[in-house]
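Notes for the one structure printed next.
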Amino acid sequence: MIELKNLRKTYTLGTNVVNALDDVSLTINDGEFVAIMGPSGSGKSTLMNMIGLLDTPESGKYVLNGKEISETKEDDLAELRRNTIGFIFQQFNLLSRLDARSNVQLPLVYSGHLENKDNADLLLDRVGIGKRKWHKPSELSGGQQQRVAIARALINNPSLILADEPTGNLDSASEKEIMTLLRELNDAGMTVVIVTHNDEIGEQAKRVVRMRDGKVVSDTVNIPSDVRENNFQDNNNQKGKSAFIFELKEHLKQGMQSILSNKIRAFLSMLGILIGVGAVVAMLALGNGAKIALKEQIESMGANLLMVMPGAFRMGGVTMEEGSVTRLNVSDVEALKKSITEVNNASPTIRGSSQVVYLNKNKRTNITGTSIDYEQIRASSPTMGRFFTLEEQDRRASVALLGTTVIRELFGTKNPIGKSIKIDKINFKVIGVLPRKGVAGPRDQDDIVIIPYTTAMKKMYGKTYIDAIDVELSKNADTKAAEESIKEFLFSRHNVALSQREDAFRVMNMAEMQKMMSQMSNVMSMLLASIAGISLLVGGIGIMNIMLVSVTERTREIGIRKAIGAKKRDILMQFLTESFVISFVGGVFGVFLGWSASVILSKFAGWTTVVSVMSIVLALGFSLGIGLFFGVYPALKAAKLKPIVALRYE
Ligand code: ADP
Numbered sequence: 061m062i063e064l065k066n067l068r069k070t071y072t073l074g075t076n077v078v079n080a081l082d083d084v085s086l087t088i089n090d091g092e093f094v095a096i097m098g099p100s101g102s103g104k105s106t107l108m109n110m111i112g113l114l115d116t117p118e119s120g121k122y123v124l125n126g127k128e129i130s131e132t133k134e135d136d137l138a139e140l141r142r143n144t145i146g147f148i149f150q151q152f153n154l155l156s157r158l159d160a161r162s163n164v165q166l167p168l169v170y171s172g173h174l175e176n177k178d179n180a181d182l183l184l185d186r187v188g189i190g191k192r193k194w195h196k197p198s199e200l201s202g203g204q205q206q207r208v209a210i211a212r213a214l215i216n217n218p219s220l221i222l223a224d225e226p227t228g229n230l231d232s233a234s235e236k237e238i239m240t241l242l243r244e245l246n247d248a249g250m251t252v253v254i255v256t257h258n259d260e261i262g263e264q265a266k267r268v269v270r271m272r273d274g275k276v277v278s279d280t281v282n283i284p285s286d287v288r289e290n291n292f293q294d295n296n297n298q299k300g301k302s303a304f305i306f307e308l309k310e311h312l313k314q315g316m317q318s319i320l321s322n323k324i325r326a327f328l329s330m331l332g333i334l335i336g337v338g339a340v341v342a343m344l345a346l347g348n349g350a351k352i353a354l355k356e357q358i359e360s361m362g363a364n365l366l367m368v369m370p371g372a373f374r375m376g377g378v379t380m381e382e383g384s385v386t387r388l389n390v391s392d393v394e395a396l397k398k399s400i401t402e403v404n405n406a407s408p409t410i411r412g413s414s415q416v417v418y419l420n421k422n423k424r425t426n427i428t429g430t431s432i433d434y435e436q437i438r439a440s441s442p443t444m445g446r447f448f449t450l451e452e453q454d455r456r457a458s459v460a461l462l463g464t465t466v467i468r469e470l471f472g473t474k475n476p477i478g479k480s481i482k483i484d485k486i487n488f489k490v491i492g493v494l495p496r497k498g499v500a501g502p503r504d505q506d507d508i509v510i511i512p513y514t515t516a517m518k519k520m521y522g523k524t525y526i527d528a529i530d531v532e533l534s535k536n537a538d539t540k541a542a543e544e545s546i547k548e549f550l551f552s553r554h555n556v557a558l559s560q561r562e563d564a565f566r567v568m569n570m571a572e573m574q575k576m577m578s579q580m581s582n583v584m585s586m587l588l589a590s591i592a593g594i595s596l597l598v599g600g601i602g603i604m605n606i607m608l609v610s611v612t613e614r615t616r617e618i619g620i621r622k623a624i625g626a627k628k629r630d631i632l633m634q635f636l637t638e639s640f641v642i643s644f645v646g647g648v649f650g651v652f653l654g655w656s657a658s659v660i661l662s663k664f665a666g667w668t669t670v671v672s673v674m675s676i677v678l679a680l681g682f683s684l685g686i687g688l689f690f691g692v693y694p695a696l697k698a699a700k701l702k703p704i705v706a707l708r709y710e
């Protein structure tokens with residue numbers, strides 16, 4: 061039963077105050093068939109919207125089936141609407157993307173009454189268009205669309221049918237059919253209230269309420285209605301788990317449909333996410349690749365390799381110059397080999413930088429003078445030719461082994477073995493090619509020429525001291541302990557005073573170097589990834605933009621959904637699902653893009669790249685988070701729309 065007491069609603073347009081409803085009191089019993097009539101602007105639709113819980117009065121009381129409405133919250137109103145009321149509008153208000161059957165089933169998405177799903181077919185048969193249920197609204201005539209709308213109004217078994225000018229847009233044949241349907245529904249026990257300005261239609265109702273200027277001016281009964289007991293039943297509103305999944309599936313389906321119906325727009329909004337995810341994946345792959353390559357290189361150098369250098373290495377404070385306290389000499393190398401048990405092998409290192417010339421080509425490169433032990437310690441057996449011999453080392457022979465970078469630049473593809481080159485104007489014979497070591501950090505390890513240390517000291521640089529000692533520890537030696545004993549040994553050998561010990565020698569092991577380098581490459585890859593992350597963020601803003609447009613564009617659709625019982629949460633979910641789908645699809649394509657980019661980088665640029673599962677999960681998760689985050693605002697905006705405002709939106 062509908063009881064309205066002293067309802068009031070005014071609209072202010074500029075200085076003009078319109079009394080859309082002016083102290084309206086009205087009671088409609090269950091089972092009645094009432095026509096609300098009156099000239100245009102008399103307040104009929106306003107009254108109808110009040111009865112239908114789409115709008116709220118400023119003052120007055122509305123009791124629906126014993127429930128006071130004025131204090132009820134919006135979501136509870138939505139629930140009441142979908143369980144009690146079926147709406148029929150002048151403009152049919154079907155969702156254009158859904159076929160007739162899905163339109164009829166739509167209220168079930170919100171009410172959760174899945175058991176009624178097949179009733180859609182029965183209802184469509186009953187209103188006479190069962191055969192056209194797979195057609196979209198645009199493929200149906202006005203009369204057919206209105207019949208679909210009636211079937212939709214009936215799907216949740218309402219006790220009240222509200223029809224606002226239901227035949228206003230129809231030809232007279234369709235008008236008759238629709239009115240017949242409404243009468244049948246009334247005969248079956250439903251309360252029917254229709255708004256019309258057409259007298260012929262009004263006469264078919266059992267009771268006519270006439271309005272003018274927001275007031276009820278007459279209330280006449282044509283035929284007494286068989287007034288019934290209140291057949292209102294509060295349907296169970298708890299949505300089960302399966303109903304929730306059904307709703308989610310519907311949202312996903314409709315999200316996909318909405319994206320597919322706007323392909324270019326959706327693609328453009330995905331583009332940001334796509335590029336962002338692609339960049340993150342590729343950057344992380346590069347970073348990972350660099351780390352792994354570094355590790356391999358360092359392992360190829362020998363993990364149990366130590367480098368002993370004179371002088372201290374300090375990051376902060378004063379940096380000591382190498383050798384300012386002590387200097388290393390060749391005899392230290394032999395002494396270390398003999399005296400420290402952990403030391404397996406050792407070789408001296410002289411470093412220099414010189415101009416290397418072959419015919420008309422020249423190149424500045426790193427010269428390393430070392431002993432024959434270098435071959436084993438640095439795992440540097442020549443790939444072509446041979447290493448120098450002890451005899452050559454002893455007689456300071458002018459022989460050289462070249463790294464691949466030097467060979468490429470001086471010889472191209474020619475065989476360098478046996479050729480004569482000049483290093484700082486001194487003639488050298490090329491006797492071997494060093495194995496490729498790759499790039500470690502900023503240094504190209506293949507940009508190198510190796511010569512005997514004796515030659516380097518006497519013939520080239522005139523040095524009496526050596527720059528460093530490479531030490532190879534025995535297989536299972538404790539690195540820390542070995543470092544200590546090497547230092548102690550050198551301290552006593554060079555009579556280093558206690559106060560100067562800290563600055564006398566520096567021992568670096570490969571594990572430490574590896575740590576330092578990988579920290580460096582970590583910082584690099586984090587930097588790259590965060591730059592990539594920014595493009596993800598921009599992508600997110602793109603999604604928000606599109607979603608805001610989409611909400612505005614679909615305001616009317618939101619109104620329709622609310623009229624048939626969608627709660628705020630349902631609308632929120634719908635739009636969130638959509639932005640989720642956009643960012644997910646964008647993210648998946650982005651992963652492929654990033655993957656392909658890293659494959660291309662490693663194929664053509666020769667960089668090591670490793671796409672890790674972690675980076676994919678990270679990038680995808682991040683893009684989904686961004687989709688959700690930036691989808692929330694538009695979705696909230698949609699959810700908060702007042703049903704009547706949304707429905708009126710043009
Ligand atoms: P009817 O349905 O009988 O044609 P309405 O209920 O639509 O009349 O409108 C009643 C009066 O309220 C009209 O004068 C109309 O201009 C005014 N009105 C209705 N809705 C609005 C609104 N949203 N803003 C301003 N005025 C409105």
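Note that the sequence shown ends on residue 710 in the working numbering; no numbers are left out.
Glycine included, C-beta positions come from ideal geometry on N, C-alpha and C.
Owing to the predicted nature of the structure, the values given are computational and were not obtained by experimental measurement.
**OP:** Please name the residue, chosen from SER302, GLY522, ASP538, that lies closest to THR401 on a Cα-to-Cα basis.
**Re:** Here residue 401 refers to the residue found at position 341 of the sequence shown. Ranking the options by Cα distance to THR401, first place goes to ASP538.
**OP:** Classify VAL390 as helix, strand or coil using the three-state DSSP reduction.
**Re:** As a first step, residue 390 is located in the sequence shown; it is residue number 330 there, counting from the start. Note: VAL390 maps to helix in three-state DSSP.
**OP:** Using 10 angstroms around the beta-carbon of GLY249, count the other beta-carbons present and answer buried if the total reaches 16, otherwise exposed.
**Re:** As a working note, residue 249 is residue 189 in the sequence shown. Note on GLY249: under 16 other CB atoms within 10 angstroms of its CB, so exposed under the neighbour-count rule.
Original post:
Does ligand 1 have a heavy atom nearer than 8 angstroms to the CB of PRO284?
Top reply: As a first step, residue 284 is located in the sequence shown; it is residue number 224 there, counting from the start. Incorrect: PRO284 has no Cβ contact closer than 8 angstroms to ligand 1.
**OP:** Work out the CA separation of LYS266 and GLU260 for me, nearest whole Å.
**Re:** Position 200 of the sequence shown, counted from the first residue, corresponds to residue 260. Position 206 of the sequence shown, counted from the first residue, corresponds to residue 266. For GLU260 and LYS266, the distance between alpha carbons rounds to 13 angstroms.
Subject >> Local conformation of ARG446 per DSSP, three classes >> reply: Along the sequence shown, one-based indexing puts residue 446 at 386. Coil.
**OP:** Could you tell me if the beta carbon of VAL269 falls within a distance shorter than 8 angstroms of some heavy atom in ligand 1?
**Re:** Translated into the one-based positions of the sequence shown, residue 269 becomes position 209. Not so, every heavy atom of ligand 1 lies at least 8 angstroms from the Cβ.
**OP:** Output the boundary residues of the beta strand (DSSP E) element that contains SER119.
**Re:** The residue you call residue 119 lines up with position 59 of the sequence shown. Start and end: 119-124.
**OP:** In angstroms with no decimal places, state the Cα-to-Cα distance between ILE254 and SER102.
**Re:** As a first step, residue 254 is located in the sequence shown; it is residue number 194 there, counting from the start. As a first step, residue 102 is located in the sequence shown; it is residue number 42 there, counting from the start. Cα atoms of ILE254 and SER102: separation of roughly 15 angstroms, rounded to the nearest angstrom.
Original post:
Where does PHE327 sit, in a helix, a strand or coil, going by DSSP?
Top reply: Within the sequence shown, numbered from 1, the residue matching residue 327 stands at position 267. Note: PHE327 maps to helix in three-state DSSP.
Original post:
Per DSSP, ALA406 is paired with what?
Top reply: Residue mapping note: residue 406 aligns to position 346 of the sequence shown, counting from 1. According to DSSP, ALA406 bridges with VAL531.
Subject >> Beta-carbon gap between ILE335 and GLY650 smaller than 9 angstroms >> reply: What you label residue 335 is simply residue 275 of the sequence shown in a count that begins at 1. What you label residue 650 is simply residue 590 of the sequence shown in a count that begins at 1. In this structure, GLY650 lies closer than 9 angstroms to ILE335 by Cβ.
**OP:** Could I get the ranges of all uninterrupted beta strand (DSSP E) runs contained in the stretch 197-242, with 3 residues as the minimum, in chain order?
**Re:** Within the stretch 197-242, the complete beta strand (DSSP E) segments at least 3 residues long are 220-224, listed from N- to C-terminus.
Subject >> Residue environment, THR308, which counts as buried when at least 16 other CB atoms sit within 10 Å >> reply: The residue you call residue 308 lines up with position 248 of the sequence shown. Checking the sequence, you will find Leu at residue 308 rather than Thr. By the Cβ neighbour-count rule, LEU308 is exposed, with fewer than 16 other Cβ atoms within 10 Å of its own.
**OP:** Tell me whether TYR122 counts as near ligand 1, meaning its Cβ is closer than 8 angstroms to at least one heavy atom of that ligand.
**Re:** The sequence position of residue 122 within the sequence shown is 62, counting from 1. With a threshold of 8 angstroms, the Cβ atom of TYR122 does not count as near ligand 1, since no heavy atom of the ligand is closer than that.
Subject >> CB contact flag (PHE448, ILE437, <9 angstroms) >> reply: As a first step, residue 448 must be located in the sequence shown, where it is residue number 388. As a first step, residue 437 must be located in the sequence shown, where it is residue number 377. Not in contact: PHE448 and ILE437 (Cβ atoms no closer than 9 angstroms).
**OP:** Report yes or no: do the stretch 215-233 and the stretch 136-154 share at least 3 C-beta pairs separated by less than 8 angstroms?
**Re:** As far as the Cβ criterion goes, the stretch 215-233 touches the stretch 136-154, which means the pair count is three or higher.
**OP:** Per DSSP, which residues does LEU182 bridge with? Please list them.
**Re:** Reading the sequence shown from its first residue, position 122 is the one you call residue 182. Paired residue(s): none; LEU182 is not in a bridge.
Subject >> Residue span of the alpha helix (DSSP H) that contains ILE704, given as start and end >> reply: Residue mapping note: residue 704 aligns to position 644 of the sequence shown, counting from 1. If you look at ILE704, you'll find it in the alpha helix (DSSP H) that goes 703-708.
**OP:** Locate the beta strand (DSSP E) running through VAL281, then write down its first and last residues.
**Re:** Locating residue 281 in the sequence shown gives position 221, counting from the first residue. In the DSSP assignment, VAL281 falls within the unbroken beta strand (DSSP E) covering 275-281.
Subject >> Burial state of THR72 (16 or more Cβ within 10 Å) >> reply: Here residue 72 is taken as the residue at index 12 of the sequence shown, counted from 1. Under this definition THR72 is an exposed residue.
Original post:
Of all Cβ atoms in chain D, is any one closer than 9 angstroms to the Cβ of PHE689?
Top reply: Note that chain D does not occur in the displayed structure, where there is just one protein chain.
Subject >> Buried or exposed by the 16-neighbour rule on C-beta atoms within 10 Å, applied to PRO703 >> reply: Position 643 of the sequence shown, counted from the start, is the residue given in the question as residue 703. Its Cβ being crowded by 16 or more others within 10 Å, PRO703 is buried.
Original post:
Sorry if obvious, but does the Cβ on LYS104 come closer than 8 angstroms to a heavy atom of ligand 1?
Top reply: Sequence index remark: in the sequence shown, residue 104 carries index 44 (1-based). Relative to the non-hydrogen atoms of ligand 1, the Cβ of LYS104 comes within a distance shorter than 8 angstroms of at least one.
Original post:
Taking the DSSP output, what are the residues bridged to GLU128?
Top reply: Residue numbering aside, residue 128 sits at position 68 when the sequence shown is read from its first letter. DSSP, once it has assigned bridges, lists VAL123 as partnering GLU128.
Original post:
Based on Cα-Cα distance, which residue from LYS133, SER119, ILE145 lies nearest to MET108?
Top reply: Here residue 108 corresponds to residue number 48 of the sequence shown, with the count starting at 1. Measuring from the Cα of MET108, the nearest candidate turns out to be ILE145.
Original post:
So LEU388 packs on TYR525, CB below 8 angstroms; how close in whole Å?
Top reply: In the sequence shown, counting from the first residue as 1, residue 388 sits at position 328. In the sequence shown, counting from the first residue as 1, residue 525 sits at position 465. Right, their Cβ atoms sit about 6 angstroms apart.
**OP:** Verify the contact flag: LEU320, CB atom, against every heavy atom of ligand 1, threshold strictly below 8 angstroms.
**Re:** Taking the first residue of the sequence shown as position 1, residue 320 is located at position 260. For LEU320, the CB stays at least 8 angstroms from every heavy atom of ligand 1.
Subject >> Closest residue to VAL337 among ILE676, LEU636, VAL705 (Cα-Cα distance) >> reply: For the purposes of this step, residue 337 is taken as the residue at position 277 of the sequence shown. Taking each of ILE676, LEU636, VAL705 in turn and checking the Cα distance to VAL337, the smallest one comes out for ILE676.
Subject >> the stretch 176-192 / the stretch 206-226 touching (three or more Cβ pairs under 8 angstroms) >> reply: Yes, since at least three Cβ pairs between the stretch 176-192 and the stretch 206-226 fall closer than 8 angstroms, the two stretches touch.
**OP:** Compute every distance between the C-beta of ALA657 and the non-hydrogen atoms of ligand 1, then say whether any falls below 8 angstroms.
**Re:** Mapped onto the sequence shown, residue 657 falls at position 597. For ALA657, the CB stays at least 8 angstroms from every heavy atom of ligand 1.
Subject >> Delimiting residues of the beta strand (DSSP E) encompassing VAL670 >> reply: Within the sequence shown, the letter at position 610 stands for residue 670. Boundaries cannot be given for VAL670, as no beta strand (DSSP E) includes it and DSSP labels it neither H nor E.
Original post:
Going by beta carbon distance, what residues of the same chain come within less than 6 angstroms of ALA557, once the five residues before and after it are set aside?
Top reply: Reading the sequence shown from its first residue, position 497 is the one you call residue 557. So no residue of the chain qualifies.
Original post:
Less than 8 angstroms between the CB of TYR71 and some heavy atom of ligand 1, yes or no?
Top reply: In the sequence shown, the residue the question calls residue 71 occupies position 11. The answer is yes for TYR71.
Original post:
Do you know offhand how far ASN79's Cα is from LEU67's?
Top reply: Taking the sequence shown and counting its residues from 1, the one referred to as residue 79 is at position 19. Taking the sequence shown and counting its residues from 1, the one referred to as residue 67 is at position 7. C-alpha separation (whole angstroms): 11 angstroms.
**OP:** Measure the C-alpha to C-alpha separation of LEU707 and LEU701 and round it to an integer number of angstroms.
**Re:** The count along the sequence shown starts at 1 and reaches residue 707 at position 647. The count along the sequence shown starts at 1 and reaches residue 701 at position 641. One C-alpha to the other measures close to 10 angstroms.
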